[in-house]
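Enquirer: I have a structure here, written as C-alpha cells, and I will follow up with some questions on it.
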Amino acid sequence: MIKKFFLFIMCLSIMRVNSVLAADCAEVGKRIANRQGGTLTRSTPIVQDGKNMCVVVIVMPAHNGKRPRRVEVVVPAD
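Next comes the structure, spelled out in C-alpha cells:
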C-alpha cells in the first residue's frame, strides 16, 4: 500500500513538471510567433541533451500569391 502511494506521488510530481514546462513552451511560442509576424500552430516541450527545450511551429503568412511557410525552431524553455 505504501509503495503504491509513493508511486502515485512520484507520477503526480512528474505530471506537474511537464504541465509547467508545457505552459512555459506556450508562452515562448507566442513570443516567437509575435516577433516573426506568424501564427503559432504548435509548441511542444522536449528534453534535449539534458536541457528543457521547446519545439515551436509557426506558420508565416503568404506573400505575392505564394503558399504560407511552415517554420519549426527549437529554443530553450526559459
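As numbered in mature numbering (1 follows the signal peptide of the UniProt record, and there is no 0), residues -22 to -1, 1 to 56 make up the sequence shown, in order.
Here a beta-carbon is modelled for each residue, glycine too, at the ideal position from N, C-alpha and C.
Computed from a predicted structure; not experimentally measured.
What's the C-alpha gap between Val(-6) and Ile24?
Expert: Summary for Val(-6): the model assigns pLDDT 48, below 50, so the residue's position carries little reliability; its value from the coordinates is reported in the next sentence. Each residue's alpha carbon lies about 12 Å from the other.
Enquirer: Between which two residues does the beta strand (DSSP E) harbouring Pro39 extend?
Expert: Premise fails: Pro39 is in no beta strand (DSSP E) and is neither H nor E.
Enquirer: From Pro54 to Lys29, what does the alpha carbon distance come to, in whole angstroms?
Expert: Cα to Cα, the separation comes out at about 8 Å.
Enquirer: Counting only beta-carbon atoms, is Ala4 nearer than 8 Å to chain D?
Expert: Given the protein chain composition of this structure (a single chain), no chain D is represented.
Enquirer: Leaving out the 5 sequence neighbours to the left and right, which residues in its chain are closer than 8 Å to Val37 when beta-carbon positions are compared?
Expert: Only Gly16, Thr17, Thr19, Pro46, Arg47, Arg48, Val49 meet the Cβ criterion.
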